[in-house]
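According to our numbering, the stretch in the first sequence is residues 7 to 271, in order. Okay, so here's the structure we're looking at.
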Amino acid sequence: MPELPEVRVVSKFLNSTVKGSTIKDIDVRYKKMIDEETKRKLIGQKINKIDTHGKYLIFDLTDYDLISHLRMEGKYYIRTAKEFDKHDHIIFYLDDKVLVYNDVRKFGTFDLRKKELTYKTKPLNKLASEPFTIDEKEFYENIKKRNVPLKTLLLNQEVIAGIGNIYADEILFLAKLHPFKLGSKTTFKEAKEIIKYSKDVLTRAILKGGTTIYSFKSDGNVGYFAQDLQVHHRYNEPCLVCGTLIDKEKIGGRTSYYCKVCQRK
DNA sequence: CCCGTGCCCTGGCGGC
DNA sequence: TGCCGCCAGGGCACGG
7 MPELPEVRVV
17 SKFLNSTVKG
27 STIKDIDVRY
37 KKMIDEETKR
47 KLIGQKINKI
57 DTHGKYLIFD
67 LTDYDLISHL
77 RMEGKYYIRT
87 AKEFDKHDHI
97 IFYLDDKVLV
107 YNDVRKFGTF
117 DLRKKELTYK
127 TKPLNKLASE
137 PFTIDEKEFY
147 ENIKKRNVPL
157 KTLLLNQEVI
167 AGIGNIYADE
177 ILFLAKLHPF
187 KLGSKTTFKE
197 AKEIIKYSKD
207 VLTRAILKGG
217 TTIYSFKSDG
227 NVGYFAQDLQ
237 VHHRYNEPCL
247 VCGTLIDKEK
257 IGGRTSYYCK
267 VCQRK
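Put into structure tokens, the structure is as follows:
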């Protein structure tokens with residue numbers, strides 16, 4: 007599931023392949039994904055660049071911003087084969103190549119906004135800052151008043167942007183904080199540790215091309231951060247710090263992995 | 001306002 | 001081998 011590092015990798019790929027291209031036509035093969043009016047507005051738009059915010063990709067077009075969220079399995083690739091894959095849902099016919107959006111689960115979303123409304127309307131209006139730019143004090147005050155587990159707060163994009171299930175587990179493990187620890191019980195020092203390790207993990211993941219678990223691929227190449235994961239998906243394997251077997255539990259509906267000895271409540 | 005639950009969707013896997 | 005049921009996951013609507 008693409009999180010901030012994977013989305014950065016995808017945007018780098020898109021900037022290197024479709025920046026400067028113009029959308030000549032679009033084939034919407036899964037109608038629910040892009041409506042007719044949006045499709046009409048997109049045709050003729052030039053792609054100036056592709057930005058990211060958290061897990062969102064933002065195509066900076068001539069008159070609009072196209073906000074793309076990959077959710078679990080969305081991916082972009084430049085079409086080379088003649089045949090479609092059954093999960094190719096949107097085909098962007100650019101002036102010089104064909105860009106394909108492929109998504110097995112069909113969970114990905116597209117939102118088109120006039121530029122002045124991009125950050126004033128859904129889905130970006132309530133989005134928090136990324137760990138790299140978030141104000142520590144503000145983050146602390148925010149989680150301090152919440153009676154919910156840290157794991158849930160890290161996954162809340164209105165609290166901090168870009169962290170998903172995999173990196174949330176890694177961050178809490180490195181910060182030695184129990185995923186069930188409540189935001190309200192967290193100290194300023196601990197909040198700062200969370201930010202510090204968020205930046206650390208995400209930066210290292212970006213450098214490795216992201217994490218490839220399940221079926222995430224940016225452009226046919228895999229990311230290599232999976233081998234660096236210290237707790238996620240390591241149920242019943244020894245903790246790399248103390249040897250205790252890693253626990254697995256659902257928190258807020260999300261499977262969470264943690265070391266009950268190293269991570270304090 | 002705050003928090004928890006269920007839904008969207010499909011492939012993969014365990015169980016029989 | 002085949003089929004069924006369940007699980008995975010991000011964000012949002014909805015309900016208490």
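Backbone N, C-alpha and C define an ideal beta-carbon position, used for all residues, glycine too.
Helix, strand or coil at Thr58 [DSSP, three-state]: Taking the first sequence and counting its residues from 1, one reaches residue 58 at position 52. Here DSSP, grouped into helix, strand and coil, assigns Thr58 to strand.
What residue does the beta strand (DSSP E) around Asn108 start on, and which one ends it? To locate residue 108, count along the first sequence from 1; it is residue 102. Note, Asn108: beta strand (DSSP E), Val104 to Asp109.
Given that a residue counts as buried once 16 or more other Cβ atoms are within 10 Å of its Cβ, and exposed if not, what is Lys121? On the first sequence, residue 121 is found 115 positions in, with the first residue counted as 1. So Lys121 counts as exposed.
Buried or exposed for Ala87, please, with buried defined as at least 16 other CB atoms from any protein chain shown within 10 angstroms of its CB. If you number the first sequence from 1, residue 87 lands on position 81. Counting of Cβ neighbours within 10 angstroms places Ala87 among the exposed residues, the total staying below 16.
If you count every other CB in all the chains shown that lies within 10 Å of the CB of Gly259, and 16 or more means buried, which is it? Sequence index remark: in the first sequence, residue 259 carries index 253 (1-based). Counting Cβ neighbours within 10 Å, Gly259 comes out exposed, since fewer than 16 surround it.
Assess, as a yes-or-no matter, whether the segment 240-254 is touched by the segment 131-143 under the definition of 3 or more beta carbon pairs within less than 8 Å. Touching, no.
Provide the residue span of the alpha helix (DSSP H) that contains Gln22, from first to last. The count along the first sequence starts at 1 and reaches residue 22 at position 16. Note that residue 22 corresponds to Ser in the displayed sequence, not to Gln. In the DSSP assignment, Ser22 falls within the alpha helix (DSSP H) that extends over Leu10 to Thr23.
On the criterion of 16 or more Cβ atoms from any shown chain inside 10 Å, does Pro113 qualify as buried, or is it exposed? Taking the first sequence and counting its residues from 1, one reaches residue 113 at position 107. The question names Pro, but residue 113 in the sequence shown is Phe. The C-beta of Phe113 has fewer than 16 other C-beta atoms within 10 Å across all chains shown, which makes the residue exposed.
Do Arg119 and Asp66 have their C-beta atoms closer together than 8 Å? Start at 1 with the first residue of the first sequence, and residue 119 comes out as number 113. Start at 1 with the first residue of the first sequence, and residue 66 comes out as number 60. In this structure, Arg119 sits away from Asp66, with a CB-CB distance that is not shorter than 8 Å.
Thr115 by DSSP, collapsed to three states: which one? On the first sequence, residue 115 is found 109 positions in, with the first residue counted as 1. The three-state reading of DSSP puts Thr115 in strand, counting E and B together.
Considering only the alpha carbon of each residue, which of Val104, Arg111, Leu161 and Asn131 lies closest to Asp288? Residue 288 cannot be examined here, being either before or after the span of the chain that is shown, 7 to 271.
Name the residue from Asp206, Gly189 and Val15 whose alpha carbon lies nearest to the alpha carbon of Asn162. For this step, residue 162 is matched to residue 156 along the first sequence. Out of Asp206, Gly189 and Val15, Gly189 has the C-alpha closest to the C-alpha of Asn162.
From the DSSP output, in three-state form, read off Gly189 for me. By 1-based counting over the first sequence, the position of residue 189 is 183. DSSP, reduced to helix, strand and coil, places Gly189 within a helical segment of the structure shown.
Taking Arg260 as part of the beta strand (DSSP E), name the residues at either end of that continuous run. Position 254 of the first sequence, counted from the start, is the residue given in the question as residue 260. Looking at the DSSP string, the run of the beta strand (DSSP E) that includes Arg260 is Arg260 to Tyr264.
For Gly50 and Glu9, the rounded distance between their alpha carbons: Working through the first sequence from its first residue, we reach residue 9 at position 3. Working through the first sequence from its first residue, we reach residue 50 at position 44. Taking the straight line joining both Cα atoms gives about 30 Å.
Using a Cβ-Cβ cut-off of 8 Å (strictly less than) and excluding sequence neighbours within five positions of Lys25, which residues of its own chain qualify? Locating residue 25 in the first sequence gives position 19, where the first residue counts as 1. Taking C-beta separations shorter than 8 Å and ignoring five residues to either side along the sequence, the partners of Lys25 in its chain run Ile53, Asn54, Lys55 and Ile56, following chain order.
Closest by CA to Phe19, which one among Lys81, Leu160 and Pro129? Against the first sequence, residue 19 aligns to sequence position 13. Out of Lys81, Leu160 and Pro129, Lys81 has the C-alpha closest to the C-alpha of Phe19.
Do you know offhand how far Val106's Cα is from Leu100's? The residue labelled residue 106 in the question sits at position 100 within the first sequence. The residue labelled residue 100 in the question sits at position 94 within the first sequence. In this structure, the alpha-carbon of Val106 lies about 10 Å from that of Leu100.
Which of the three DSSP states, helix, strand or coil, is assigned to Phe90? In the first sequence, counting from the first residue as 1, residue 90 sits at position 84. Coil, per DSSP.
For Thr192 versus Ile257, is the C-beta distance shorter than 8 Å? The sequence position of residue 192 within the first sequence is 186, counting from 1. The sequence position of residue 257 within the first sequence is 251, counting from 1. Against a cut-off of 8 Å, the Cβ pair of Ile257 and Thr192 comes out as no contact.
Can you look up Lys30 in the DSSP assignment and give me helix, strand or coil? Counted from its first residue, the first sequence places residue 30 at position 24. For Lys30, the three-state secondary structure derived from DSSP is strand.
Going by beta carbon distance, what residues of the same chain come within less than 6 Å of Glu199, once the five residues before and after it are set aside? Residue numbering aside, residue 199 sits at position 193 when the first sequence is read from its first letter. The residues are Ala181.
Quick check: Tyr173 and Val207, are their CB atoms within less than 8 Å of each other? For the purposes of this step, residue 173 is taken as residue 167 along the first sequence, with counting starting at 1. For the purposes of this step, residue 207 is taken as residue 201 along the first sequence, with counting starting at 1. Going by C-beta atoms, Tyr173 is nearer than 8 Å to Val207.
Rounding to the nearest angstrom, what Cα-Cα distance links Lys266 and Ile177 in this structure? As a working mapping, residue 266 is identified with position 260 in the first sequence. As a working mapping, residue 177 is identified with position 171 in the first sequence. Going by the C-alpha atoms only, they are around 15 Å apart.
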